[in-house]
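Here this note's numbering is used: the first residue of the sequence shown is 2, the next is one more, and so on.
Backbone N, C-alpha and C fix where the C-beta goes; we use that ideal spot for every residue, glycine too.
What you are looking at is a predicted structure, and each value in this text was computed from that prediction instead of being measured.
Beneath this line is the structure, given in structure tokens, with notes to follow.
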Amino acid sequence: MELPLLVFDPPKRGKPPRHLSDMTAQERKEALAELGIPAFRADQVSRHWFARLSDDPSHWTDLSAHDRDAIASALLPELLKPVKRVTCDEGTTVKNVWQLHDNALVESVLMRYPDRVTMCVSSQAGCGMNCPFCATGQAGLTRNLSTAEIVEQVMDGARQLAQGKVAGGPGRVGNVVFMGMGEPLANYTPLIRAIRTLIAPAPAGLGLSGRGITVSTVGLVPRMRDLAGEGMPITLAVSLHAPDDELRNELVPVNTRWPIDEVLDAAWEYTERTKRRVSIEYALIRDINDQEERAELLSRLLIGRLVHVNLIPLNPTPGSKWTASRPESQRAFVNRLRVNGVPVTVRDTRGSEIDGACGQLAAAT
Ligand code: SAH
Numbered sequence: 002m003e004l005p006l007l008v009f010d011p012p013k014r015g016k017p018p019r020h021l022s023d024m025t026a027q028e029r030k031e032a033l034a035e036l037g038i039p040a041f042r043a044d045q046v047s048r049h050w051f052a053r054l055s056d057d058p059s060h061w062t063d064l065s066a067h068d069r070d071a072i073a074s075a076l077l078p079e080l081l082k083p084v085k086r087v088t089c090d091e092g093t094t095v096k097n098v099w100q101l102h103d104n105a106l107v108e109s110v111l112m113r114y115p116d117r118v119t120m121c122v123s124s125q126a127g128c129g130m131n132c133p134f135c136a137t138g139q140a141g142l143t144r145n146l147s148t149a150e151i152v153e154q155v156m157d158g159a160r161q162l163a164q165g166k167v168a169g170g171p172g173r174v175g176n177v178v179f180m181g182m183g184e185p186l187a188n189y190t191p192l193i194r195a196i197r198t199l200i201a202p203a204p205a206g207l208g209l210s211g212r213g214i215t216v217s218t219v220g221l222v223p224r225m226r227d228l229a230g231e232g233m234p235i236t237l238a239v240s241l242h243a244p245d246d247e248l249r250n251e252l253v254p255v256n257t258r259w260p261i262d263e264v265l266d267a268a269w270e271y272t273e274r275t276k277r278r279v280s281i282e283y284a285l286i287r288d289i290n291d292q293e294e295r296a297e298l299l300s301r302l303l304i305g306r307l308v309h310v311n312l313i314p315l316n317p318t319p320g321s322k323w324t325a326s327r328p329e330s331q332r333a334f335v336n337r338l339r340v341n342g343v344p345v346t347v348r349d350t351r352g353s354e355i356d357g358a359c360g361q362l363a364a365a366t
């Protein structure tokens with residue numbers, strides 16, 4: 002009898018090991034000093050890592066072999082072990098499943114469009130928000146990701162692109178959306194540190210534009226207000242999914258703690274303080290939240306605000322009783338918002354044929 006292969010190891014405890022990408026420029030100097038390496042070398046190291054996207058210290062020949070070895074073993078542990086890479090859309094969508102040091106699994110997705118590359122990254126292993134239509138929500142929260150575990154998902158994409166390994170030739174990451182696994186605002190400090198590293202100009206960080214970064218939240222009101230005060234020009238996306246508390250209590254259970262009017266007040270404070278348009282995400286679920294009356298109610302909440310509605314056709318999770326809206330309901334929903342003067346687009350659902358959409362690949366691993 003053949004025994005089933007045990008592919009993944011059981012969970013382990015402990016924090017992820019410290020990594021270069023956890024640190025600010027100043028902390029990198031201090032970390033090198035601890036290794037007996039002059040602080041001024043930190044700029045060279047950061048330049049290799051973030052500007053040249055070189056993850057092989059043996060190529061960093063402006064440092065001594067001794068220093069390179071010391072840095073590699075103390076500051077460059079393998080945080081994300083690739084366990085699966087799946088492509089579709091002629092190689093322009095690349096979905097990754099990573100195994101973390103404690104054997105937790107997370108996903109990231111690279112999506113290449115004619116004019117830009119967007120990376121969808123995870124902020125937590127699992128998620129504690131328990132939204133019933135979301136694959137990640139079903140398994141609960143395993144743990145928060147560290148700053149470097151977040152940053153390195155983007156760095157991997159940046160390196161793959163720089164090395165011409167993604168269909169379409171060499172390229173760069175333009176946008177990062179925190180729409181992978183997890184509730185980013187429930188892992189606030191590592192999230193903010195990661196974003197600061199992504200937007201810090203090289204060599205301190207990857208030098209992305211803040212405008213290309215979107216943080217998506219279920220609506221953790223106090224944290225939304227904190228985010229508005231960070232002084233970062235990033236986009237806030239709010240997963241609304243229903244215009245009435247009764248339905249939203251079911252679809253986004255944290256609504257029982259922070260109801261719609263409080264979430265939207267915090268969103269308007271965000272637009273006030275940052276002058277940035279807020280995205281409202283709304284997964285269209287057949288006969289659940291896709292009625293025209295709900296499009297009307299949604300319009301009333303949003304008319305006149307600095308806002309854009311992103312409708313997401315539901316990507317049904319395995320065994321779910323819910324499915325995507327009928328095309329005619331989707332059309333009517335869109336039209337009602339348009340007629341009411343609310344800007345709206347329907348999100349494309351890249352990667353759905355490879356379980357790429359919404360936390361399903363790790364769940365299927
Ligand atoms: N926790 C954050 C970010 C993660 S999910 C949040 O909830 O905003 C990113 C978006 O995908 C959210 O709007 C989420 O509600 C949506 N989503 C999750 N599962 C989905 C599914 N099966 N089909 C369509 N959208 C889904």
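In the structure shown, the three-state DSSP call for G211 is helix.
In the pairwise beta carbon analysis, the region 305–314 is classified as touching the region 280–290: at least three pairs are separated by under 8 Å. Per DSSP, the beta-bridge partners of I281 are V239, V310.
If you check the CB distance, A187 and L54 do not come in under 8 Å.
Around the beta carbon of V177, a 10 Å sphere encloses 16 or more other beta carbons of the protein chains shown; the residue is thus reported as buried. Within 7 Å of the C-beta of I151 there is not a single heavy atom belonging to the ligand SAH.
Fewer than three beta-carbon pairs drawn from the region 105–117 and the region 46–65 are found closer than 8 Å, and the two stretches are therefore not classed as touching. Bridge partners of P83 according to DSSP: W99. Distances from the alpha-carbon of P83 to those of A71, V110, D63 put V110 closest. For L315, the shortest C-beta to heavy atom distance toward the ligand SAH is below 7 Å. About 20 Å separates the CB atoms of D70 and A149; that is not less than 8 Å, and the two are not in contact. Taking the Cβ of F134 as the reference point, at least one heavy atom of the ligand SAH falls within a distance shorter than 7 Å.
In this structure the region 240–253 lies against the region 269–283, because at least three pairs of beta carbons, one per stretch, are closer than 8 Å. DSSP places S330 inside the alpha helix (DSSP H), whose first and last residues are 328–340. If the five residues before and after E263 are omitted, its C-beta is found closer than 7 Å to the C-beta atoms of V222, all from its own chain and listed in chain order.
The DSSP-derived three-state label of S217 is strand. Here S65 is exposed: its Cβ has fewer than 16 other Cβ atoms, across all protein chains shown, within 10 Å. Between the ligand SAH and H242, a heavy atom-to-CB distance of less than 7 Å is present. Between the region 198–205 and the region 119–135 there are fewer than three inter-stretch CB-CB distances shorter than 8 Å, so the stretches are not counted as touching. If you draw a straight line from the Cα of S321 to the Cα of T190, it is about 34 Å long. By the neighbour-count criterion, in which a residue is buried when 16 or more other Cβ atoms sit within 10 angstroms of its Cβ, T236 is buried.
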